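Below is one structure, written out as structure tokens; the observations come after it.
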Amino acid sequence: MADTLQFDLVSPERKLASVQATEVRIPGTDGDLTAMAGHTPTITTLRPGLLQVVHQGGTDDYVVSGGFAEIGFDGVSVLAERALPRGEVTQEVYEGMVEEFAAAHRDARARFENEPGPVDDTAKLLADMVAVGTHIGLDPKQPNF
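Structural data, given as structure tokens:
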């Protein structure tokens, strides 16, 4: 088997994964990246997206809402604000996640009327979460930006 690295994924609710992986595809705030054994040590923040873990048994997908990843030479640790295995993300669960981001965007628009930075940031997070649903085959029921 190819070189592997230890992968761990935890959220405040539970530990979701601890496996030897050949690669981990990470939705980074500054762009997607793939970590493999021997990767240069890096810490990155996560945007809402699909985190994919390739291992001897196949590929596992997780929907993450944010957090950060610590990538080392021989491992990746992801601490997610919220993470769910793809199989647990039903239309109802997904709509709840989108609504959380839509509410944060509405709040930012109300609080930062003449400050586009925070409003733009929450709009980007909302758009990323909407894109996750489209990517995994769920109906985003696009909220009014």
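The sequence shown begins at 1 in UniProt numbering and counts up by one. Positions of the beta carbon are idealized from the N, C-alpha and C atoms, including for glycine. Just so we're clear, the structure is a prediction, and the values are computed from it rather than from any experiment.
To which residues of the same chain is residue i closer than 6 Å at the C-beta, ignoring the five residues directly before and after it?
i	result
Val-89	Val-63
Ala-80	Ser-11, Val-64, Gly-67
Can you grab the Cα-Cα spacing for the pair residue i / residue j, in whole Å?
i	j	result
Gln-91	Val-132	12 Å
Lys-61	Phe-73	In the sequence as presented, Lys is not what sits at residue 61; that position holds Asp. Cα to Cα, Asp-61 sits roughly 22 Å from Phe-73.
Glu-115	Asp-121	11 Å
Leu-5	Gly-66	22 Å
Ala-35	Glu-23	6 Å
Val-76	Gly-38	11 Å
Glu-13	Ala-110	30 Å
Asp-3	Gln-56	11 Å
Lys-124	Thr-59	27 Å
Asp-128	Val-78	18 Å
Gly-87	Thr-40	31 Å
Going by the DSSP bridge assignment, what does residue i pair with across the sheet?
i	result
Ile-71	Thr-42, Val-76
Asp-8	Ser-18, Ser-77
His-55	Ala-21, Gly-58
Pro-27	Asp-32
Val-93	The partner list for Val-93 (beta bridge, DSSP) is empty, contrary to what the question assumes.
Ala-83	Val-64
Leu-126	In the DSSP output, where bridge partners are listed per residue, Leu-126 has none listed.
Tell me which same chain residues have a C-beta within less than 7 Å of the C-beta of residue i, skipping the five on either side of it?
i	result
Pro-118	Ala-108, Phe-112
His-135	Leu-50
Val-54	Ala-21, Thr-22, Glu-23
Pro-140	Val-98, Val-130, Gly-133, Thr-134
Taking C-beta to C-beta, are residue i and residue j nearer than 8 Å?
i	j	result
Ile-26	Ala-69	yes
Asp-8	Ser-18	yes
Ile-71	Thr-42	yes
Could you give the C-beta distance for residue i and residue j, rounded to a whole number, given that I count them as a contact under 8 Å?
i	j	result
Leu-16	Pro-85	7 Å
Once the 5 residues before and after residue i are set aside, which same chain residues still bring their CB inside 8 Å of it?
i	result
Asp-32	Arg-25, Ile-26, Gly-49
Gly-28	Thr-44, Thr-45, Leu-46, Arg-47, Ala-69
Glu-95	Lys-141
Val-93	Leu-84
Check whether the Cβ of residue i sits closer than 7 Å to any heavy atom of the ligand NAD, and report yes or no.
i	result
Leu-138	The ligand NAD is not part of the structure shown, which contains no ligands of any sort.
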